[in-house]
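Residue numbers (the numbering used here): 5 to 294. Report on the structure given below.
See the structure below:
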């Protein structure tokens, strides 16, 4: 398809709307906290009407958790390896809405199962826009961190880790909760956590945060950064099989900076990629494939 359309990156807690013209240029964008969990069941039609009232009565193409069971309509995954053509074939139109939802990608074999919704648009979009080279390793940190490989125009493989969610759970519900109120930054405490995570047992290291505080060897103001370093360091260690290969990180400056520091501390190199530009390139290519 061609022409002006609205692209919506509709996640669990946040939503970003892009108004994209026929040439693929972004005319206007808006970010809010109207993620999937903020919409009452049956309320998505009204949300779509509100978006069109602000941006114009044009077709919509949505990606992310909006295609999950909790979203507007559940759209079946397409299996990896997947290219733009496969994702476009799996995209489904919502009856009476002039809106379509991208399917997401899954993998299932004897070793493990994995799924993603929305990240596939950014990963393939980064390749489409020339933001990453063919064959690149990509990382999108977040609540659930995604590591992926793109090659030959396809999302070849990917892995999801619960790094961000584990930190949130530790901060809210664990023995460490009182120690994790401080800001997290790429400081000495963070880097110490990254180093300690190498070749050691993460579960015992997490308890050691409490013990180190009790024994006076870990300053309170470094506890949050140190714990984050343990988690991110463990995540990076498992994925950084070839330190000579750059990791392309799609994230905001803060979170991307933490991952870059961890990767570099472990002897690798990281390149920060504009995730918004990647999404626009990916969603526009899918639109043109429909």
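Even for Gly, the Cβ is constructed at its ideal location relative to N, Cα and C.
- In this structure the stretch 201-212 touches the stretch 235-255; the number of beta carbon pairs closer than 8 Å is three or more.
- Note on the stretch 244-293: whole alpha helix (DSSP H) runs with a minimum of 4 residues are 257-269, 279-293, in chain order.
- As the crow flies, the alpha-carbon of residue 251 is around 42 Å from that of residue 100.
- The criterion of a C-beta distance shorter than 9 Å is not satisfied by residue 189 and residue 230.
- Shown here, residue 218 sits in a helix according to DSSP, grouped into three states.
- Taking 9 Å as the cut-off, the Cβ atoms of residue 68 and residue 13 count as close.
- By the Cβ criterion, the stretch 264-281 is in contact with the stretch 131-147, since at least three pairs of Cβ atoms, one from each stretch, lie closer than 8 Å.
- For residue 109, the enclosing beta strand (DSSP E) has its first and last residue at 109-112.
- In this structure the stretch 137-151 touches the stretch 159-167; the number of beta carbon pairs closer than 8 Å is three or more.
- Here the C-alpha atom of residue 19 lies approximately 19 Å from the C-alpha atom of residue 290.
- For residue 159, the uninterrupted beta strand (DSSP E) run begins and ends at 158-165, by DSSP.
- For residue 20, the enclosing beta strand (DSSP E) begins and ends at 19-24.
- For residue 32, the three-state secondary structure derived from DSSP is strand.
- Bounds of the beta strand (DSSP E) holding residue 98 are 96-98.
- When secondary structure is reduced to three states using DSSP, residue 204 falls in the coil class, being assigned neither helix nor strand.
- Residue state for residue 125 is assigned as helix, using DSSP reduced to three classes.
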